[in-house]
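Residue numbers (full-length UniProt numbering): 1 to 330.
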């Protein structure tokens, strides 16, 4: 009898612990096709994705409605990067050497440009668009970055890194840029002349980079055990993430505005919330029905208490992260 009572207590305690965890509040299958690329807009209202057959779709997350559908024959090559403009009006997609622009509301193809790096065979690895959609930058496999003025179409190419540039962010005013590359360097530099303002060294290549909305701090994750939050003005000492495992690899990361929280997504199906001041893990959870084949492609906050995740299964899931916010303030 004692054995059964103990077992019952354990079950009840486990149930109580789960009540305090992160809950999935909504889940929708956007597509039945496997998804290769996915991007959530900065406000969490839109999801852009590329299926295994290279069809591009854009979904309105609240209405659960497809608002743009682009067949693979409309463009050439395999899509390697996606962008949604800050005002959610424009979709940008890139293959190895071309960038395409579509009006999300009308479906009209607005423009198509060929971009190149320093080396003639360099391929596009990442994109960023300025907050007011005045400029676009493309990172290349040879370490160069090409900037395009979207009004004039003029371009300039700068050698910024010596290996593939995969992560790029504009400052809110569009004057400076933060880039991270496979050379293990994160650089903050001026768009006008490429002059480096700050430079930070990480081990090996960098798997993820996140910059807060105010452009005051960034998080970078090396592929080995070095993940750090750094303040650009050096007003605070860097915070290193601490955990018991030998190493963790983070594929995506975001800052939660108004709270000392960093949220990361692993290279598979785990999401973790961190106290950014202490570098300590607050809580972790996995996306629903996850297995070894399912991966998280992107995460983004839809408001101060809710997080979206989009997976390779085409599943958009909304999470109530109020318990994470509360726990991080304790």
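Ideal placement from N, C-alpha and C gives every residue a C-beta, glycine not left out. The structure displayed is predicted, hence computed values, not measured ones.
Distance between residue j and residue i (C-alpha atoms, nearest Å)
{"i": "residue 282", "j": "residue 81", "result": "31 Å"}
{"i": "residue 3", "j": "residue 285", "result": "Interpretation of residue 3 is limited by its pLDDT of 44, a score under 50 that renders its predicted location unreliable; no figure is taken from the coordinates."}
{"i": "residue 153", "j": "residue 251", "result": "32 Å"}
{"i": "residue 164", "j": "residue 157", "result": "14 Å"}
{"i": "residue 150", "j": "residue 122", "result": "22 Å"}
{"i": "residue 59", "j": "residue 310", "result": "12 Å"}
{"i": "residue 162", "j": "residue 130", "result": "24 Å"}
{"i": "residue 63", "j": "residue 203", "result": "43 Å"}
{"i": "residue 279", "j": "residue 324", "result": "14 Å"}
{"i": "residue 256", "j": "residue 319", "result": "14 Å"}
{"i": "residue 314", "j": "residue 134", "result": "31 Å"}
{"i": "residue 249", "j": "residue 222", "result": "7 Å"}
{"i": "residue 127", "j": "residue 229", "result": "22 Å"}
{"i": "residue 321", "j": "residue 287", "result": "13 Å"}
{"i": "residue 329", "j": "residue 187", "result": "31 Å"}
{"i": "residue 67", "j": "residue 48", "result": "10 Å"}
Reference residue i, options the options, closest by Cα
{"i": "residue 176", "options": "211, 104, 109 and 245", "result": "211"}
{"i": "residue 192", "options": "204, 34 and 148", "result": "148"}
{"i": "residue 55", "options": "167, 37 and 46", "result": "37"}
{"i": "residue 332", "options": "205, 182, 206 and 216", "result": "As shown, the chain starts at 1 and ends at 330. That puts residue 332 outside it, with no answer to give."}
{"i": "residue 340", "options": "65, 70 and 45", "result": "The chain is shown only over 1 to 330; residue 340 falls outside these bounds and no answer can be derived."}
{"i": "residue 110", "options": "74, 119 and 139", "result": "74"}
{"i": "residue 25", "options": "39, 308, 221 and 104", "result": "308"}
{"i": "residue 50", "options": "44, 43, 77 and 254", "result": "77"}
{"i": "residue 269", "options": "312, 88, 242 and 136", "result": "312"}
{"i": "residue 167", "options": "118, 140 and 227", "result": "140"}
{"i": "residue 272", "options": "254, 289, 108 and 206", "result": "254"}
{"i": "residue 305", "options": "44, 32, 186 and 120", "result": "44"}
{"i": "residue 276", "options": "265, 259 and 86", "result": "259"}
{"i": "residue 206", "options": "189, 214, 195 and 227", "result": "227"}
{"i": "residue 159", "options": "104, 196 and 289", "result": "196"}
{"i": "residue 146", "options": "52, 194, 103 and 105", "result": "194"}
{"i": "residue 291", "options": "182, 31 and 267", "result": "267"}
{"i": "residue 218", "options": "108, 97, 179 and 41", "result": "179"}
{"i": "residue 103", "options": "112, 89, 200 and 113", "result": "89"}
{"i": "residue 61", "options": "41, 72 and 53", "result": "41"}
Beta-bridge pairing of residue i - partner residues as DSSP gives them
{"i": "residue 180", "result": "167 and 186"}
{"i": "residue 275", "result": "261 and 280"}
{"i": "residue 98", "result": "114"}
{"i": "residue 319", "result": "24 and 307"}
{"i": "residue 129", "result": "136"}
{"i": "residue 204", "result": "The partner list for residue 204 (beta bridge, DSSP) is empty, contrary to what the question assumes."}
{"i": "residue 40", "result": "47"}
{"i": "residue 300", "result": "308"}
{"i": "residue 286", "result": "270"}
{"i": "residue 109", "result": "102"}
{"i": "residue 88", "result": "Beta-bridge pairing links residue 88 to no other residue."}
{"i": "residue 239", "result": "229"}
Nearest-angstrom beta carbon gap, residue j and residue i [assumed within contact, 8 Å]
{"i": "residue 27", "j": "residue 317", "result": "5 Å"}
{"i": "residue 220", "j": "residue 209", "result": "5 Å"}
{"i": "residue 115", "j": "residue 99", "result": "6 Å"}
{"i": "residue 84", "j": "residue 46", "result": "6 Å"}
{"i": "residue 124", "j": "residue 94", "result": "5 Å"}
{"i": "residue 241", "j": "residue 274", "result": "6 Å"}
Run of the beta strand (DSSP E) containing residue i, from where it starts to where it stops
{"i": "residue 51", "result": "46-51"}
{"i": "residue 155", "result": "155-159"}
{"i": "residue 196", "result": "196-201"}
{"i": "residue 146", "result": "144-149"}
{"i": "residue 231", "result": "227-231"}
{"i": "residue 60", "result": "56-60"}
{"i": "residue 81", "result": "81-84"}
{"i": "residue 68", "result": "65-70"}
{"i": "residue 254", "result": "250-256"}
Limits of the unbroken alpha helix (DSSP H) element including residue i
{"i": "residue 220", "result": "Premise fails: residue 220 lies in the beta strand (DSSP E), 217-222, not in any alpha helix (DSSP H)."}
{"i": "residue 322", "result": "322-328"}
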